[in-house]
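The sequence shown runs 22 to 778 under my numbering. Scroll down for the structure; my scribbles are underneath it.
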Amino acid sequence: MRVPKDAPLQARHEGVAYGFCCAGCLEKFRKDPARYVRGAREPMAQVVGIELPHRAPASVPKGVRWTCPMDPEIVRDAPGPCPKCGMALEPMDGVVSAEDGNAELRDMTRRLIVATVLTAPLVVVTMVIGHAGLGLLELLLATPVVLWAGWPFFQRGWLSLVNRSLNMFTLIALGVGVAYVYSVAAVLAPGMFPASTRDAHGGVATYFEPAAVIVTLVLLGQVLELRARGKTSAAIRELLALAPRTARRLGAGGSEEDVPIEVVQVGDRLRIRPGEKVPVDGVIESGDGAIDESMVTGESMPVDKRPGDRAIGGSVNSTGSFVMRAERVGDGTLLAQIVRLVSEAQRSRAPIQKLADRVAAAFVPTVVAVALVAFAAWMLVGPQPRLAHALLASVSVLIIACPCALGLATPISIIVAMGRGATTGVLFRSAEAIQELRRVDTLVVDKTGTLTEGKPRLMGVTTLAGFTEDDVLRLAAALERSSEHPIAGAIVAGARERRLEDAASTAFDSLTGRGVVGEVEGRRIAIGNAKLLAELGVDGAALEAAASAARAGGSTTLLVAIDARPAGVIAVADAVKPTTREAVDALHREGIRVVMATGDARPAAEGVARELGIDEVHSELLPDAKARLVGRLVDEGRVVAMAGDGVNDAPALARAHVGIAMGTGTDVAIESAGVTIVKGDLRAIVRARRLSSATMRNIRQNLVFAFGYNALGIPIAAGALYPIFGLLLSPAIAAAAMSFSSVSVIANALRLRRAAS
Numbered sequence: 022m023r024v025p026k027d028a029p030l031q032a033r034h035e036g037v038a039y040g041f042c043c044a045g046c047l048e049k050f051r052k053d054p055a056r057y058v059r060g061a062r063e064p065m066a067q068v069v070g071i072e073l074p075h076r077a078p079a080s081v082p083k084g085v086r087w088t089c090p091m092d093p094e095i096v097r098d099a100p101g102p103c104p105k106c107g108m109a110l111e112p113m114d115g116v117v118s119a120e121d122g123n124a125e126l127r128d129m130t131r132r133l134i135v136a137t138v139l140t141a142p143l144v145v146v147t148m149v150i151g152h153a154g155l156g157l158l159e160l161l162l163a164t165p166v167v168l169w170a171g172w173p174f175f176q177r178g179w180l181s182l183v184n185r186s187l188n189m190f191t192l193i194a195l196g197v198g199v200a201y202v203y204s205v206a207a208v209l210a211p212g213m214f215p216a217s218t219r220d221a222h223g224g225v226a227t228y229f230e231p232a233a234v235i236v237t238l239v240l241l242g243q244v245l246e247l248r249a250r251g252k253t254s255a256a257i258r259e260l261l262a263l264a265p266r267t268a269r270r271l272g273a274g275g276s277e278e279d280v281p282i283e284v285v286q287v288g289d290r291l292r293i294r295p296g297e298k299v300p301v302d303g304v305i306e307s308g309d310g311a312i313d314e315s316m317v318t319g320e321s322m323p324v325d326k327r328p329g330d331r332a333i334g335g336s337v338n339s340t341g342s343f344v345m346r347a348e349r350v351g352d353g354t355l356l357a358q359i360v361r362l363v364s365e366a367q368r369s370r371a372p373i374q375k376l377a378d379r380v381a382a383a384f385v386p387t388v389v390a391v392a393l394v395a396f397a398a399w400m401l402v403g404p405q406p407r408l409a410h411a412l413l414a415s416v417s418v419l420i421i422a423c424p425c426a427l428g429l430a431t432p433i434s435i436i437v438a439m440g441r442g443a444t445t446g447v448l449f450r451s452a453e454a455i456q457e458l459r460r461v462d463t464l465v466v467d468k469t470g471t472l473t474e475g476k477p478r479l480m481g482v483t484t485l486a487g488f489t490e491d492d493v494l495r496l497a498a499a500l501e502r503s504s505e506h507p508i509a510g511a512i513v514a515g516a517r518e519r520r521l522e523d524a525a526s527t528a529f530d531s532l533t534g535r536g537v538v539g540e541v542e543g544r545r546i547a548i549g550n551a552k553l554l555a556e557l558g559v560d561g562a563a564l565e566a567a568a569s570a571a572r573a574g575g576s577t578t579l580l581v582a583i584d585a586r587p588a589g590v591i592a593v594a595d596a597v598k599p600t601t602r603e604a605v606d607a608l609h610r611e612g613i614r615v616v617m618a619t620g621d622a623r624p625a626a627e628g629v630a631r632e633l634g635i636d637e638v639h640s641e642l643l644p645d646a647k648a649r650l651v652g653r654l655v656d657e658g659r660v661v662a663m664a665g666d667g668v669n670d671a672p673a674l675a676r677a678h679v680g681i682a683m684g685t686g687t688d689v690a691i692e693s694a695g696v697t698i699v700k701g702d703l704r705a706i707v708r709a710r711r712l713s714s715a716t717m718r719n720i721r722q723n724l725v726f727a728f729g730y731n732a733l734g735i736p737i738a739a740g741a742l743y744p745i746f747g748l749l750l751s752p753a754i755a756a757a758a759m760s761f762s763s764v765s766v767i768a769n770a771l772r773l774r775r776a777a778s
């Protein structure tokens, strides 16, 4: 329905104007705007020609396309399974809401709960009591598990056949389906089976238990995978949350109003007050401020900004007030570019399950071919009743090849390895991270918060004749207690560590971009840069040598004047973590090249690199430059891990083969990475790499176990022993062999709990 231009009923939601044809629709909108918008036909901006840039609310992902991380050529307009590999598709050019993104996770979780509740008693019954006389009970318990809880796997298996792309879901659907159908026939029509397959009571062995167990285990794997995928979207939503929802726009007549961020246009003049976030990218026209740009540069100390300097959307104005002109809005901002980089990079990695799918692509047709050959052979030369024997042999082949052990081979090792890693301070978020970490030969590290502690500390005080270190530091700390700047906090903390006596200050004044001045114990104190001392008529030349030496070592320097006389230099820096040098040495012994990529200035970066023996240094990098550096190393054929802790590291973390986040860092960095180091200690990377190698060896051993049993059991199930010994494989023995193969795989995986990490 098209709303007329003069429609009197209008309302806004998420920066979009909507028109309403009647009061009833308007009332529905007011009660639940988000729900109403999902059904809205046309925004008012489009109907009446309002020039109003807007974005669809997060719960209405218009234009979002979905793709497969393993098969990027697959692109769909809606979520669902990949028609080639069966994996869940994920958004490629948009961010869906948590509600919409978790729809499949909620569905799979419900199916897992039902499957677990019904499979548990089924397993207990068959293990404690046995199959005799309980066929109908097993049928009642297993049917909802197989036909309802496992229905998505049959759909994916069918898609794999239709698209001629066999994968693990083909094998799962085939094995579970055959086991279930065979078991139903055994319960409802046991007389159709040869006498040699029936027990003393005339019953036929059933396979309800393994069919239900396989469905439950595969559902568990799907839930874990979807949870990991959900965290990927959560990382992007965290990034979007960094941008403020409103901006204070200046009108032509000097008026000011708070407007939604969506309506800000290029050229608009915006006022940024102390403590506020910068809404968009732009240039400062008047005023000044100290802006915390750690989300972009990683540097923990605010940057002084004056007219002509650039301000980045999402950064925080710590002190001061200024007016800026908007230059990049919406998708053009640096924050939006970071979101796009993270989203693209997170889709670029193939999961470990692709190995099992490649194996399944050859294994499935082989099993089917063996079953058909067995059927034909028994029909041609087998004893009477030939049809019954042929059906038994072919079905036995398909049942014994059911991927119980194969399905466990990879996930059970991954689960045990994740648990082992957690006990040693290493959290793996994905199977691909475990797979890739053992191959890493290059580690790219951020400086602030990764190599260093991530916050400024007092490094030293240098004084001129007539002044002592304690006096200069005590007076400076007394003045800086009135300041909210992080450097001021470092000076105050340094004075406390030295147990210097507290003093009170008066006449405090903060001069943005220059420093602070005030009085302490009747003495006039000034702390800041050379420009401040020059304004006060103090000759700071005598302090320059000490300041230059401190800056060369990576420190930020503050010049101190007492009673209009140059008194000393205070050096503040982000100190290197005590364990970092040991970690870098251990990484070098592992044959890993260490590369620093930081947004800090070159002197600070090179000072830390010299201290730690870093192989290569790249400084003053923005987030996209860090991601490009990682991409270049990948293109050179290196297997790259990236370690960082900030929002600015998120694109590079996602672009690397393995992203490693410091547990002391931001949530965005942690969600963008495949590995989290809980305590922020780089030595844990070496432990994680060793655990990765042990896990992949364990998985290969499990696959050998799984295929070894199949290689031995399939020919026997087909009747290979009959011509020589006159023996057919008993269904009970087949079930026991299948169970034993699973037990072997589990027992082998549990050895990882003792793996050296």
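Ideal placement from N, C-alpha and C gives every residue a C-beta, glycine not left out.
Item to complete: Ignore the nearest five residues each way along the sequence and tell me which others in Leu180's own chain have a CB closer than 6 Å to its CB.
Response: Pro104
Worksheet item: Cβ atoms of Val301 and Val285: under 8 Å apart, would you say?
Response: Yes, Cβ-Cβ distance for Val285 and Val301 is below 8 Å.
Fill in: Proximal residues to Ala571 (C-beta, below 6 Å), its chain only, five neighbours per side dropped
Counting only Cβ-Cβ distances below 6 Å, and skipping sequence neighbours, we find Thr578, Ala592.
Practice prompt. Return the bridge partner residues of Pro587 from the DSSP annotation.
Written response: Ala582
Worksheet entry | Cut-off 7 Å between Cβ atoms - residues of its own chain near Gly341, not counting five sequence neighbours on either side | Pro295, Gly308, Asp309, Gly310, Ala311, Thr533
Discussion item. Checking 8 Å against the spacing of the C-beta atoms, do Leu110 and Thr130 come in under that value?
Written reply: no
Item to complete: Can you have a look at Arg370 and say buried or exposed, based on whether 16 or more other CB atoms are within 10 angstroms of its CB?
Response: Bear in mind that a pLDDT of 46 at Arg370, under 50, signals an unreliable position, so the number given afterwards is only what the model happens to contain. So Arg370 ends up on the buried side.
Worksheet item: With which residues is Asp595 paired in a DSSP beta bridge?
Response: Pro477
Worksheet item: Can you pull the DSSP bridge partners for Leu472?
Response: Beta-bridge pairing links Leu472 to no other residue.
Worksheet entry | For Thr463, the three-state DSSP class (helix, strand or coil) | Strand.
Worksheet item: Apart from the five residues just before and just after Asn769, which ones in its own chain have a Cβ nearer than 7 Å to its Cβ?
Response: Asn719, Gln722, Asn723, Phe726
Fill in: Cβ neighbours of His678 in the same chain (closer than 6 Å, five flanking residues each side left out)
Glu457, Val660, Val661
Item to complete: Would you mind sorting Arg410 into buried or exposed? The rule is 16 or more other CB atoms within 10 Å of its CB.
Response: In the sequence on display, residue 410 carries His and not Arg. By the 10 Å Cβ count, His410 comes out buried.
Worksheet entry | Neighbourhood of Arg704 by C-beta, 7 Å cutoff - its chain only, sequence neighbours within 5 removed | Thr600, Glu603, Ala604, Ala607
Worksheet item: Between Gly589 and Thr483, is the Cβ-Cβ spacing less than 8 Å?
Response: Yes, these two residues count as a Cβ contact at 8 Å.
Fill in: Exposure of Asn188, with buried meaning 16 or more beta-carbon neighbours within 10 Å
buried
Worksheet item: Given that a residue counts as buried once 16 or more other Cβ atoms are within 10 Å of its Cβ, and exposed if not, what is Glu120?
Response: Interpretation of Glu120 is limited by its pLDDT of 48, a score under 50 that renders its predicted location unreliable; the figure taken from the coordinates is listed afterwards. Burial call: exposed.
Worksheet item: Under three-state DSSP, which class holds Gly442?
Response: It is helical.
Worksheet item: Does DSSP put Ala357 in a helix, a strand or coil?
Response: helix
Worksheet item: Measuring from the CB of Ala524, is there a heavy atom of the ligand GDP at a distance below 7 Å?
Response: This structure lacks the ligand GDP; in fact it carries no ligand of any kind.
Worksheet item: Contact check, Lys468 vs Asp621 under 8 Å by CB: the rounded distance?
Response: 6 Å
Worksheet item: With contact counted as at least three CB pairs below 8 Å, one residue from each stretch, are the region 532-546 and the region 611-618 in contact?
Response: Judged by pairs of C-beta atoms under 8 Å, the region 532-546 does not touch the region 611-618, as fewer than three such pairs exist.
Discussion item. Based on DSSP bridge pairs, tell me the residues matched to Pro281.
Written reply: Thr267
Worksheet item: Residues in its own chain within less than 6 Å of Leu5 by CB, not counting five upstream and five downstream?
Response: Residue 5 is absent from the model: the chain starts at 22 and stops at 778.
Discussion item. By DSSP's criteria, Val538 is part of a beta bridge. Which residues make up the other side?
Written reply: Asp530, Ala547
Item to complete: Evaluate Arg774 with the Cβ neighbour count: other Cβ atoms within 10 Å of its Cβ, from every protein chain shown; 16 or more gives buried, anything less gives exposed.
Response: exposed
Worksheet item: Are the CB atoms of Leu472 and Val597 nearer to each other than 8 Å?
Response: yes
Discussion item. Once DSSP output is grouped into helix, strand and coil, what is the label at Phe488?
Written reply: coil
Worksheet item: DSSP beta-bridge partners for Ala19?
Response: Since the first residue shown for the chain is 22 and the last is 778, residue 19 is missing from the structure and cannot be characterised.
Discussion item. Considering only their Cβ atoms, is the gap separating Leu195 from Leu419 smaller than 8 Å?
Written reply: yes
Item to complete: Grab the span of the beta strand (DSSP E) containing Lys326 for me, first residue to last.
Response: 324-326
Practice prompt. Mark Phe384 as exposed unless 16 or more other C-beta atoms lie within 10 angstroms of its C-beta, in which case mark it buried.
Written response: buried
Worksheet item: Is there contact between the region 733-746 and the region 622-641, where contact requires at least three CB pairs shorter than 8 Å?
Response: no
Item to complete: Could you tell me if Phe214 is buried or exposed, where buried requires 16 or more neighbouring beta carbons within 10 angstroms of its beta carbon?
Response: buried
Discussion item. In this structure, how does DSSP classify Asn338 when only helix, strand and coil are distinguished?
Written reply: strand
Worksheet item: Per DSSP, Leu291 forms a beta bridge with which residues?
Response: Arg270, Met345
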